[in-house]
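Residue numbers (our numbering), protein chains in the order written: chain H, 351 to 463; chain P, 30 to 141.
For glycine and all other residues, C-beta sits at the position ideal for the given N, C-alpha and C.
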Amino acid sequence: NAGVTQTPKFQVLKTGQSMTLQCAQDMNHEYMSWYRQDPGMGLRLIHYSVGAGITDQGEVPNGYNVSRSTTEDFPLRLLSAAPSQTSVYFCASFPGAPGSPLHFGNGTRLTVT
Amino acid sequence: AQSVTQLGSHVSVSEGALVLLRCNYSSSVPPYLFWYVQYPNQGLQLLLKYTSAATLVKGINGFEAEFKKSETSFHLTKPSAHMSDAAEYFCAVRGSQGNLIFGKGTKLSVKP
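So, in structure tokens, the structure goes:
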């Protein structure tokens, strides 16, 4: 049982480059989300999805795009990377019941130079 | 709107001492509350959760938390700290859209 799988684990980009962070879950969870973690800031929600074809913005959505074509996959796209997007990114999922916890991937550490 | 405040960005205890990590929440509806732990260079692991079944919640690794509605608190405790407890701890409340709203985290150091 793989749970939530994120790729890559590490990535270095130059300012202006684009890339996609991949996230897949095999638990048939309807709800998926992306967070970024910065020192002293906790985890902040970027985008989330409550099911295939449905996405919405979180607290810090600027500079990021998402789509949800299948239940399993929820990629995060950086359109034009900026140094302010240097962070650790976590993908998470849960089945939708309010008392259910989020299941997290192991994170992607992104550096933008 | 829901929110979480974790008091103390760094807490240091001696091995064998009581661990107390503080979390206060704000919620207009009965809250669902969670504590997660993050070891260095790893993802987040669920420690315990409160879902209204019992006010004292026991989690993994000897941690527990008590929900106090009158104080809007959900503090995390462990009677005796171990070196392996050194990590960052996050308190979270479920938001209205289903997402989790996290506090800024508390880094726990354990001195030998």
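As a beta-bridge residue in DSSP terms, glutamine 375/H pairs with Val354/H.
The segment 101 to 114 of chain P and the segment 439 to 459 of chain H do not touch, with fewer than 3 CB-CB distances between them shorter than 8 angstroms.
Between the segment 405 to 425 of chain H and the segment 46 to 56 of chain P, the count of C-beta pairs closer than 8 angstroms stays below three; the two stretches do not touch. Taking 7 angstroms as the CB threshold, glycine 401/H stays off the interface with chain P. With contacts defined by Cβ atoms closer than 7 angstroms, leucine 371/H and threonine 458/H form a contacting pair. Distance between histidine 453/H and glycine 366/H, taken at the CA atoms: about 31 angstroms. Shown here for alanine 115/P: same chain residues with a beta carbon closer than 7 angstroms to its own, the five before and five after excluded, namely Leu137, Ser138, Val139 in chain order. Neighbours of leucine 395/H across chain P, judged by C-beta separation under 7 angstroms: Asn128. Between leucine 363/H and alanine 431/H, the C-beta gap is smaller than 7 angstroms, which places the two residues in contact. When the Cα atoms are used, proline 358/H and serine 434/H turn out to be separated by approximately 19 angstroms.
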